[in-house]
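Protein chains: 2
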Amino acid sequence: MLIIGERINSSRKWVAPAVENKDAGFIVNEAAVQLAAGANYVDVNAGTFGPDREPELLCWLVETVQGAHECRLSLDSPNPDAIEPALKLHKGKALINSISLEKARYDNLMPLVRDHGADVIAMCADDEHGMPTDLETKLMVAGALVEKLTGDGVPLENIYVDPLVFPIATDSAYGNVVLSAIEQIMTRYPGVHTMVGLSNISHGLPFRFQINQMFLALAMGRGLDGAILDPTDKRLMANLITTNALLGRDEFCMDYIQAHQSGKLDLD
Amino acid sequence: MLIIGERINSSRKWVAPAVENKDAGFIVNEAAVQLAAGANYVDVNAGTFGPDREPELLCWLVETVQGAHECRLSLDSPNPDAIEPALKLHKGKALINSISLEKARYDNLMPLVRDHGADVIAMCADDEHGMPTDLETKLMVAGALVEKLTGDGVPLENIYVDPLVFPIATDSAYGNVVLSAIEQIMTRYPGVHTMVGLSNISHGLPFRFQINQMFLALAMGRGLDGAILDPTDKRLMANLITTNALLGRDEFCMDYIQAHQSGKLDLD
């Protein structure tokens, strides 16, 4: 299970000033707490500052986080002018968040993904359908995207298909649609990965963390192997560890027992 | 989702004296808290008192609980001499917990199930395989049991197949085995139900309620529509309500929102 820590995002109002003013201490600490909580990647996003400042600030985020922590980053931008210099600075294999089948976005980002051997989040979106909400269209776009990326030389195992999560408050079918999409994508393309932006599911409902916590377990039960989330949500991480044990991904329940011994399960 | 409250069971050491001494106040209250917490059925079990006393005590439990509450009961015994008089006293459609393909048990209980039009929990066990732990044998026994029961005149919709849950502490594959069994039983016999004794999954591990809570969600995600559990575990019930919403079984998330408004989600 690949966990991307979502907190360093300039759309968060308490993060934006730290990015804008290059407050390295704040950013290094935000990365530290996420890594300590179990994140495998740290997402970095400076998208709210516009095309003039984003490249410089995204590069500063890469240098700042990797200067303090040995970790991989999720470079979170649709803008190739920000992604390209950030990729050059990034140490190790980066994750690009994200490509889609939208022609301009695909044509600009695919060469960077391929030439840097990066992992990539591939959103089920294209110019014709926008961001589809129904299962059939999601699967059609997912299939076309996987085939186009692999045809262009991106290895299947570098691709994290994002079926796009929409709020169950809008339509109570949206949960099942995404769960079925995850299962079918994982079945149809053995070796590919799936990834969700977890918190979209709970938009518009009270106690969003409760919805997010249970949705992660349900999605893992259908094959999900990646998620963008806030790893400092302790119950979410406890549930993730427990779900891994229940799904047979934790030999002798050792991770579960260790989590118990270190107090990660005892939250009430 | 059918919820059977498991608490009135003479194998629980704080319950046994109340059954033995016919402490009606205790039993009525145990039923009340489970019904208030969301149980659809109340399980009653007097199995630890042996064949001489079980029939009398099981009948007393039926009269005591149904004398105070309008509810259906799960008559929990393999003993036809206890089930038969208890069925006669029971008001409404009873649930018999449980039959199996073991010949003596089947032959003794099936006519009672059929003639009373009762619901029945059908355990995946037979004389040849005992209680199988592997998926293939579970499915074979489940199929034979469903076919035999329906062939003998028990309607499919009265059958709750129990695939038998074994602890993941014993074998880390046991979680996946049961989850797959649930999905395949529900797919192969449309209209049948599935039922698990939830807490078996966590035997031998610390923080058992955490395992139980997540296992219920995963099993519901694969089609489970019945469980024997302790409904006074508030987080378990909050998770159940949340999972129903995520699986599209809660139009406009009304149950979820109502649970929030009545404080059933705010547990920390």
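Residue numbers (our numbering), protein chains in the order written: chain A, 1 to 268; chain B, 269 to 536.
Note that beta-carbon positions come from the ideal geometry of N, C-alpha and C, so glycine has one too.
All figures in this text were calculated on a predicted structure; none of them were measured in a lab.
- Closest in C-alpha terms to G273 of chain B, from the list B:V310, B:D291, B:V283, B:F294, comes B:V310.
- Within the stretch 463-514 of chain B, the complete alpha helix (DSSP H) runs of at least 4 residues fall at 476-489, 502-514.
- In the structure shown, A122 of chain A falls within a strand segment according to DSSP collapsed to helix, strand and coil.
- Relative to I182 of chain A, the option among A:C253, A:G197, A:I27, A:R53 whose CA is nearest is A:G197.
- I450 of chain B has no beta-bridge partner at all, per DSSP.
- In this chain, V192 of chain A is not harboured by any alpha helix (DSSP H), its DSSP state being neither H nor E.
- Of the residues assessed, E128 of chain A falls on the exposed side of the cut-off, its CB having fewer than 16 other CB atoms within 10 angstroms.
- For R490 of chain B, the chain A residues whose C-beta falls within less than 8 Å of its own C-beta are G221, listed in chain order.
- Chain A places a beta carbon closer than 9 Å to that of E519 of chain B, counting this residue as a contact.
- The C-alpha of P379 of chain B lies about 31 Å from the C-alpha of V283 of chain B.
- In the same chain as A286 of chain B, and ignoring 5 residues on each side of it, the C-beta atoms closer than 7 Å to its own belong to F294, I295, in chain order.
- Cβ-Cβ distances below 6 Å link V445 of chain B to L403 in the same chain, with the five nearest sequence neighbours on each side left out; the list follows chain order.
- If you draw a straight line from the Cα of N297 of chain B to the Cα of R188 of chain A, it is about 52 Å long.
- In the structure shown, the three-state DSSP call for I427 of chain B is strand.
- Uninterrupted alpha helix (DSSP H) stretches at least 4 residues long and entirely within the stretch 313-364 of chain B occur at 318-336, 348-357, given in chain order.
- Here DSSP, grouped into helix, strand and coil, assigns D534 of chain B to coil.
- Within chain B, no C-beta atom comes less than 9 Å from the C-beta of G263 of chain A; the nearest is roughly 11 Å away.
- Beyond the five residues adjoining it in sequence on each side, D152 of chain A comes within less than 7 Å, by CB distance, of M110, R114 in the same chain, given in chain order.
- Rounded to the nearest angstrom, the gap between the Cα atoms of N40 of chain A and C392 of chain B is 41 Å.
- The Cβ atoms of Q452 of chain B and L407 of chain B lie closer than 9 Å to each other.
- With a cutoff of 9 Å on beta-carbon distance, L164 of chain A and T133 of chain A are scored as near each other.
- Burial is judged here by how many other beta carbons sit within 10 angstroms of a residue's own beta carbon; M522 of chain B has fewer than 16 and is exposed.
- In this structure, A386 of chain B keeps its C-beta atom at 9 Å or more from the C-beta atom of L413 of chain B.
- Interface flag for Q478 of chain B against chain A is set, since a Cβ pair is found closer than 9 Å.
- What L247 of chain A touches in chain B, judged by beta-carbon distance under 7 Å, is G443, N444, going in chain order.
- Contact annotation: N212 of chain A and L236 of chain A have beta-carbon atoms nearer than 9 Å.
- In the pairwise beta carbon analysis, the stretch 492-509 of chain B is classified as not touching the stretch 242-254 of chain A: fewer than three pairs are separated by under 8 Å.
- Beyond the five residues adjoining it in sequence on each side, N376 of chain B comes within less than 6 Å, by CB distance, of P348 in the same chain, given in chain order.
- Judged by DSSP secondary structure, G38 of chain A falls outside any beta strand (DSSP E); it is assigned neither H nor E.
- Here L380 of chain B carries a helix assignment [DSSP, helix/strand/coil].
- The shortest CA-to-CA distance from I436 of chain B to any of A:T243, A:Q210, A:K264 is the one to A:T243.
- Under the Cβ distance rule, A304 of chain B does not count among the residues neighbouring chain A, no pair being separated by less than 9 Å.
- Residues of the stretch 491-507 of chain B with a Cβ closer than 9 Å to any Cβ of chain A, in chain order: R503, A506, N507.
- Within chain A, the residues placing a beta-carbon under 7 Å from that of A485 of chain B are M214, A217, L218, ordered along the chain.
- Rounded to the nearest whole angstrom, the CA to CA distance from F477 of chain B to E54 of chain A is 46 Å.
- For I525 of chain B, the enclosing alpha helix (DSSP H) stretches over residues 522-529.
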